[in-house]
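Here the structure comes first, spelled out in structure tokens, and everything after it is commentary.
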Amino acid sequence: RDGHVALLPYTAEHWRKLFARVGRDDLSEKYAVDDRHARNARFKEMYADMAAITRTMTTAELLALCAELDIPATRIHRIDELPEHPHLKAVGLFQPQQHPTAGAIVAVRPATLFARTPAELALPAPTLGQHSVAVLQEAGFSAGEVAALQAGKIIATQETPA
């Protein structure tokens, strides 16, 4: 009701316990949860039923239920929440930068950190369309094909506004 949760009931036992705990024992039989092939064959329908059930719960309720049942689960954060996430702040994932045309921006540093070969953001993020022509030409598009994409406003380039 107040957010999104990724829950991963992998095993038949996970599914049985989950369906029982939410008062839907019938779904264990409906989806033959003990037979992973039968269960997997109907996963879209099963997930739709689960979505209807979980929509009635708060994020905290669902996470507590999954913790109680030993089912892997995590809250899904909104993109605007990520810069303030304690772990991401602690590891310095987001770094302020001065972009030559956009001004002050926040960039995402390389995800991996190596002691002897440190990665860094050597160049600023490209502007919209900055490399469109070069990438398309490298992929084999002719100048005429690129011009047609540009004229149809399918791509942006440095020469045309988005």
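Its first residue numbered -7, the sequence shown is counted upward by one per residue in the numbering used here. A virtual CB, placed ideally from N, CA and C, is assigned to each residue, including glycine.
Leaving out five residues before and five after residue i in sequence, what residues of the same chain have Cβ atoms less than 6 Å from its Cβ?
i, result
"histidine -4", "Ile68"
"leucine 141", "Ile147"
"valine 14", "Ile45"
Among the options, which residue has its Cα nearest to the Cα of residue i?
i, options, result
"proline 102", "Arg31, Ala117, Phe35", "Ala117"
"phenylalanine 35", "His123, Gly144, Thr93, Tyr2", "Tyr2"
"leucine 74", "His123, Leu120, Val100, Arg47", "Val100"
"valine 125", "Glu60, Ile146, Arg70", "Ile146"
"aspartate 62", "Ala107, Lys9, Ser20, Asp(-6)", "Lys9"
"valine 98", "His79, Ala111, Asp72", "Asp72"
"threonine 93", "Glu76, Ala143, Arg108, Thr119", "Thr119"
"threonine 42", "His29, Ala56, Ser20, Arg28", "Going by the sequence as given, residue 42 is methionine instead of threonine. For methionine 42, the nearest C-alpha among the options comes from Ser20."
Assuming residue i and residue j are in contact, meaning their beta carbons sit under 8 Å apart, how far apart are those beta carbons, in whole angstroms?
i, j, result
"aspartate 26", "alanine 4", "5 Å"
"leucine 54", "leucine -1", "7 Å"
"alanine 111", "threonine 104", "7 Å"
Over what stretch of residues does the alpha helix (DSSP H) that includes residue i continue unbroken?
i, result
"valine 125", "124 to 130"
"threonine 66", "Note, threonine 66: premise wrong, no alpha helix (DSSP H); beta strand (DSSP E) at 65 to 68."
"leucine 0", "Unbroken run through leucine 0: none, as it is neither H nor E."
"valine 98", "Looking at the DSSP string, valine 98 is not in any alpha helix (DSSP H); the run it does join, the beta strand (DSSP E), is 95 to 100."
"leucine 61", "51 to 61"
"phenylalanine 11", "4 to 13"
"serine 20", "18 to 22"
"phenylalanine 35", "35 to 46"
Going by beta carbon distance, what residues of the same chain come within less than 8 Å of residue i, once the five residues before and after it are set aside?
i, result
"arginine 31", "Ala4, Trp7, Tyr23, Ala24, Val25, Met38"
"glutamine 87", "Val98, Ala99, Val100, Arg101, Leu113"
"glutamine 129", "Ala135, Val138"
"alanine 40", "none"
For the beta strand (DSSP E) that residue i lies in, which residues bound it at each end?
i, result
"phenylalanine 86", "86 to 91"
Taking Cβ to Cβ, would you say residue i is nearer than 8 Å to residue j?
i, j, result
"glutamine 150", "glutamine 122", "yes"
"alanine 52", "cysteine 58", "no"
"arginine -7", "methionine 49", "yes"
Ordered along the chain, which non-local residues of its own chain (more than five positions away) have a Cβ less than 7 Å from that of residue i?
i, result
"glutamate 60", "none"
"leucine 80", "Leu74, Phe86"
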